[in-house]
Amino acid sequence: MQPPPKSTLNPAWPHFLGVFALILACFIGLTRELFSGWSDPLHCDALLNEGSWLDSNHRNWQPDGCMLHQYTEKDASLCLQSKDILFIGDSVTRRIFFQVAQSLDASLTGQEPKDETKKHADHTFLTSMGTNITFIWDPFLNSSYAHEAITGARANTLASHSHHRPGPPQAPAMLVLGSGLWYLRYADTSGGISAWEQRMEEVFKTLGSVGMPADEVVILPVSQVVPSKLIPEREQTMRPSDIDAMNSDLYHRINPPTETSRYFLPPHVDPLPVAFPLVFNSMLHESLTQDGVHYSNPLVKLQARILLNLRCNDYLPKVFPLNKTCCSRYPMPSLLHLIFLGFAFTLGPFLCYRVFTSGFGGLYGAILGKQTLPPFIISIALVLIFTADRTGVWLKEHKQYDVPTFALLLLVSLGVGLATTKRADSDMGFLNRDQTDEWKGWMQIVILVYHYVGASKISGIYNPVRVLVASYLFMTGYGHTTFYIRKADYGFLRIAQVLIRLNLFTILLAYTMNTTYISYYFTPLVSMWYLVIYGTMVAGARFNDRAPVVIAKILTSAAFMTWFMNESWLLETVFDILHTVFHIHWSSKEWAFRVNLDIWMVYVGMLASILVIKLRERHIPDHPSWSVMVKAATSVSALTMLWFFAFELYQPSKFAYNAWHPYVSFLPVLAFVVLRNCTATLRSASSRAFAFVGKCSLETFVVQYHFWLAADSKGVLLVIPGTRWRPVNFVLTSIMFIYLCDRISYATGELTNTICGKRPRETPLPVANAPPHPPPSQENGNGRSSEAQEVVISMTSLRAEDVVKDELGQPLLEPDTPIRPGPGRWADQLANGHGQGSKTVSGKWAQKMLGNLSAKIGAFLVLLWILNMLWQYPPGSGY
Numbered sequence: 001m002q003p004p005p006k007s008t009l010n011p012a013w014p015h016f017l018g019v020f021a022l023i024l025a026c027f028i029g030l031t032r033e034l035f036s037g038w039s040d041p042l043h044c045d046a047l048l049n050e051g052s053w054l055d056s057n058h059r060n061w062q063p064d065g066c067m068l069h070q071y072t073e074k075d076a077s078l079c080l081q082s083k084d085i086l087f088i089g090d091s092v093t094r095r096i097f098f099q100v101a102q103s104l105d106a107s108l109t110g111q112e113p114k115d116e117t118k119k120h121a122d123h124t125f126l127t128s129m130g131t132n133i134t135f136i137w138d139p140f141l142n143s144s145y146a147h148e149a150i151t152g153a154r155a156n157t158l159a160s161h162s163h164h165r166p167g168p169p170q171a172p173a174m175l176v177l178g179s180g181l182w183y184l185r186y187a188d189t190s191g192g193i194s195a196w197e198q199r200m201e202e203v204f205k206t207l208g209s210v211g212m213p214a215d216e217v218v219i220l221p222v223s224q225v226v227p228s229k230l231i232p233e234r235e236q237t238m239r240p241s242d243i244d245a246m247n248s249d250l251y252h253r254i255n256p257p258t259e260t261s262r263y264f265l266p267p268h269v270d271p272l273p274v275a276f277p278l279v280f281n282s283m284l285h286e287s288l289t290q291d292g293v294h295y296s297n298p299l300v301k302l303q304a305r306i307l308l309n310l311r312c313n314d315y316l317p318k319v320f321p322l323n324k325t326c327c328s329r330y331p332m333p334s335l336l337h338l339i340f341l342g343f344a345f346t347l348g349p350f351l352c353y354r355v356f357t358s359g360f361g362g363l364y365g366a367i368l369g370k371q372t373l374p375p376f377i378i379s380i381a382l383v384l385i386f387t388a389d390r391t392g393v394w395l396k397e398h399k400q401y402d403v404p405t406f407a408l409l410l411l412v413s414l415g416v417g418l419a420t421t422k423r424a425d426s427d428m429g430f431l432n433r434d435q436t437d438e439w440k441g442w443m444q445i446v447i448l449v450y451h452y453v454g455a456s457k458i459s460g461i462y463n464p465v466r467v468l469v470a471s472y473l474f475m476t477g478y479g480h481t482t483f484y485i486r487k488a489d490y491g492f493l494r495i496a497q498v499l500i501r502l503n504l505f506t507i508l509l510a511y512t513m514n515t516t517y518i519s520y521y522f523t524p525l526v527s528m529w530y531l532v533i534y535g536t537m538v539a540g541a542r543f544n545d546r547a548p549v550v551i552a553k554i555l556t557s558a559a560f561m562t563w564f565m566n567e568s569w570l571l572e573t574v575f576d577i578l579h580t581v582f583h584i585h586w587s588s589k590e591w592a593f594r595v596n597l598d599i600w601m602v603y604v605g606m607l608a609s610i611l612v613i614k615l616r617e618r619h620i621p622d623h624p625s626w627s628v629m630v631k632a633a634t635s636v637s638a639l640t641m642l643w644f645f646a647f648e649l650y651q652p653s654k655f656a657y658n659a660w661h662p663y664v665s666f667l668p669v670l671a672f673v674v675l676r677n678c679t680a681t682l683r684s685a686s687s688r689a690f691a692f693v694g695k696c697s698l699e700t701f702v703v704q705y706h707f708w709l710a711a712d713s714k715g716v717l718l719v720i721p722g723t724r725w726r727p728v729n730f731v732l733t734s735i736m737f738i739y740l741c742d743r744i745s746y747a748t749g750e751l752t753n754t755i756c757g758k759r760p761r762e763t764p765l766p767v768a769n770a771p772p773h774p775p776p777s778q779e780n781g782n783g784r785s786s787e788a789q790e791v792v793i794s795m796t797s798l799r800a801e802d803v804v805k806d807e808l809g810q811p812l813l814e815p816d817t818p819i820r821p822g823p824g825r826w827a828d829q830l831a832n833g834h835g836q837g838s839k840t841v842s843g844k845w846a847q848k849m850l851g852n853l854s855a856k857i858g859a860f861l862v863l864l865w866i867l868n869m870l871w872q873y874p875p876g877s878g879y
């Protein structure tokens with residue numbers, strides 16, 4: 001009797017889930033834009049009125065749906081352009097004044113004077129960038145100075161005393177008014193709330209009649225107090241209910257109520273163009289004040305930061321990273337950028353349309369055809385990514401590191417990985433394909449979670465993550481060296497396939513998002529190291545069967561790269577040539593940092609490859625003492641791992657660890673390799689979930705910048721509005737992200753095959769896989785395996801005939817890059833018959849194919865050069 005099927009779940013369920021998540025996200029985003037986005041398109045109201053703390057220590061303030069910018073002196077100078085900033089008001093206003101001054105010029109004090117006579121006095125600072133910032137002590141806003149400032153007459157007076165600034169008088173960049181508490185505190189002499197209302201009525205009437213006296217006029221809310229911490233005199237007069245009433249009065253004066261249109265159209269009555277940051281009171285917490293009135297400097301500094309974001313975000317250059325999403329417009333693409341976007345977004349759908357109108361295959365065949373699906377996927381992916389990170393359809397918010405969240409996400413990922421572990425029927429061999437895919441997958445998950453929660457500031461987490469990046473480079477060196485030793489394939493087709501597969505989507509993404517190719521540093525990093533490996537192996541290739549010669553070449557290459565990367569003038573010269581000839585703007589310092597951190601890791605992988613090959617050739621694993629050697633290596637590796645974690649945790653900072661990293665990173669990597677392969681059971685087992693992520697690990701690394709994270713990786717993407725919905729957002733965006741990366745991986749592999757002249761594969765779907773050659777006892781009467789209904793998570797399942805083996809029958813690791821196309825893709829096909837080392841590359845057809853490929857690549861490079869020369873960068877980008 002045959003056992004029942006394991007599952008009747010439709011094998012295409014991952015596609016259904018992924019497409020549903022994408023459609024749902026688009027629906028939510030477009031609906032929000034249609035019904036509420038018009039009321040606050042730049043998120044200025046959200047900045048001023050809505051927000052919450054992301055942490056319990058009250059350090060990370062999150063405006064609803066947008067991101068604050070941390071201003072530097074240079075940023076402020078670009079925004080203010082030597083204009084004045086004027087503060088008039090009480091002690092609460094004064095504290096914000098000092099924090100704004102320090103934000104504009106770090107040399108200025110952010111502390112209030114302790115002398116009582118100086119507290120109730122005027123203060124003026126001139127920043128290093130030429131901004132004159134003034135505070136006028138006037139808690140009742142009834143002085144002649146305040147009247148002149150509100151009417152605009154004060155601008156002429158300020159200009160006449162500003163000898164450092166030539167030209168006609170300019171209105172201040174910002175006028176900040178704050179009052180209210182002194183009316184309550186000294187109600188007997190000031191007239192109390194009624195006098196305050198009368199004064200504010202005069203202020204608003206003046207602002208409405210003479211126009212705005214500054215580029216940005218801000219009226220501060222009356223600061224809420226903590227009654228339990230007030231001295232008795234203040235507690236008797238400063239009542240929270242009175243403060244609430246005063247703030248309500250201010251809010252409705254600035255934002256008069258209007259009738260809502262039944263057609264959801266914007267109101268016809270414009271509010272007074274005065275900023276009222278009512279959110280300042282939402283930021284207050286009793287733990288942040290000692291006297292119940294004045295709050296801690298970090299909190300006041302955040303309030304000052306909100307004012308600078310309000311005034312300056314939309315005035316700063318629109319260059320990436322675009323992480324200033326509060327009160328800021330996204331840049332309008334240049335004409336050439338628009339042309340590129342139009343081509344990239346419509347090419348895939350246009351090809352589908354052409355096939356559909358030709359009458360072959362109908363709509364299904366037009367979209368899912370072998371030739372049309374890959375470009376269609378790329379076009380849709382670029383549209384989604386651009387929509388996510390260059391429009392306001394979806395929201396962006398800050399990251400927040402939280403130990404429980406970080407640990408929970410890793411534990412859940414580990415649980416999924418273990419739950420999807422499978423075991424092969426035989427020993428799969430050292431560093432077999434499934435194992436390396438799994439390795440890349442779980443490492444990428446850790447890196448993704450690390451980026452999502454913003455854990456880079458934590459040294460104890462940053463240091464091991466650096467080792468994970470080094471592990472990718474180890475696999476790159478190991479895999480490519482293994483291939484070149486075994487296959488001796490040094491042909492141009494080989495190089496083209498590797499580099500096109502690695503770089504095609506990254507290049508398209510860089511132009512789409514108007515970033516730089518090098519900003520997605522991992523793609524150029526592994527591309528460079530592949531070329532270094534190729535150059536090392538092709539030089540004197542006829543001697544590659546001699547281990548001493550290969551080792552000598554590897555050591556020579558390592559010495560050369562170390563010398564080259566430490567001679568900064570050489571790298572700067574290369575980058576200067578790229579800038580002059582190709583209009584490529586890369587930072588040599590940033591590149592040197594990325595390369596030097598793991599300068600020798602690729603060579604460790606190459607040496608490990610030589611060692612493994614020679615051990616197999618000499619049949620060392622068959623030696624009677626091999627088991628003893630394995631046990632000894634396992635023990636040493638376990639101790640090495642323990643030592644490394646103790647060592648990295650002992651480092652005082654991540655910067656101190658970076659100095660050690662090039663010299664110690666190979667130890668935990670080699671230790672992990674030994675521990676992971678120390679028994680046949682471990683070698684035969686692998687996690688399908690981790691392997692699935694591993695097969696699209698390059699795509700996840702690149703796409704995360706804009707379509708899971710946001711603001712060019714500086715924030716996180718919110719599809720569902722509302723900070724409180726972050727856990728739900730995480731689940732939804734994760735499904736969207738992983739599915740899109742898998743589809744991009746498939747499409748890029750197919751386009752690589754098309755460009756290089758290889759036949760497209762059938763569209764991969766999640767399939768119900770049976771063992772390649774099931775024994776008769778496992779087959780039913782129809783010849784179908786009883787395992788046929790087991791749903792495999794991987795969307796590109798491994799076929800037994802696709803595994804390349806060496807002469808000893810061991811699975812041969814194909815050239816490893818951060819992403820190796822799924823089983824049965826170009827890597828296997830290429831290994832079976834193309835390149836100089838393969839006898840099949842002969843005859844007129846092959847020569848013609850290679851010639852055509854060279855022409856294609858040459859034309860593509862010329863096109864990129866033309867794009868670079870004509871590309872217009874945003875003003876202020878420095879290019």
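Residue numbers (UniProt numbering): 1 to 879. In this text, a Cβ means the ideal position worked out from N, Cα and C, and glycines have one as well.
Nearest to residue i by alpha carbon, out of the options?
i: H252; options: E235, L278 and Q102; result: L278
i: H147; options: I447, T580, T206 and D90; result: T206
i: C327; options: L310, N132 and L338; result: L310
i: L108; options: W137, E73, I136 and V674; result: E73
i: R305; options: Q198, F98 and Q170; result: F98
i: F730; options: G429, T405 and W626; result: T405
i: S587; options: T516, A539 and S557; result: T516
i: I458; options: E438, P652 and L48; result: P652
i: L384; options: K119, R354 and F345; result: F345
i: T391; options: Q400, A366, G359 and R329; result: R329
Is there a C-beta anywhere in chain C that falls below 9 Å from the one on residue i?
i: F672; result: Looking at the structure shown, chain C is missing, and only one protein chain is on hand.
Using only the alpha-carbon positions, how far apart do residue i and residue j sit?
i: S687; j: V604; result: 26 Å
i: Y462; j: V453; result: 12 Å
i: F276; j: V92; result: 15 Å
i: C44; j: S52; result: 15 Å
i: F430; j: I738; result: 28 Å
i: P331; j: F483; result: 46 Å
i: I610; j: V412; result: 37 Å
i: Q497; j: I755; result: 9 Å
i: T325; j: L347; result: 30 Å
Taking 9 Å as the cut-off, decide whether the C-beta atoms of residue i and residue j are in contact.
i: L351; j: F386; result: no
i: V702; j: Y520; result: yes
i: M283; j: L307; result: no
i: D712; j: L322; result: yes
i: L141; j: G89; result: yes
i: L177; j: I133; result: no
i: V222; j: I243; result: yes
i: M601; j: I533; result: no
i: E202; j: D249; result: no
i: H706; j: A388; result: yes
i: W439; j: G694; result: yes
i: residue 880; j: A633; result: This structure cannot speak to residue 880, because the chain is shown only from 1 to 879.
i: L230; j: D314; result: no
i: L717; j: K399; result: no
Per DSSP, what are the beta-bridge partners of residue i in this structure?
i: R311; result: None; R311 has no bridge partner.
i: E397; result: V716
i: H123; result: F135
Tell me where the alpha helix (DSSP H) around residue i begins and ends.
i: M528; result: F522 to V538
i: P63; result: Careful: P63 lies outside any alpha helix (DSSP H), inside the beta strand (DSSP E) at W61 to P63.
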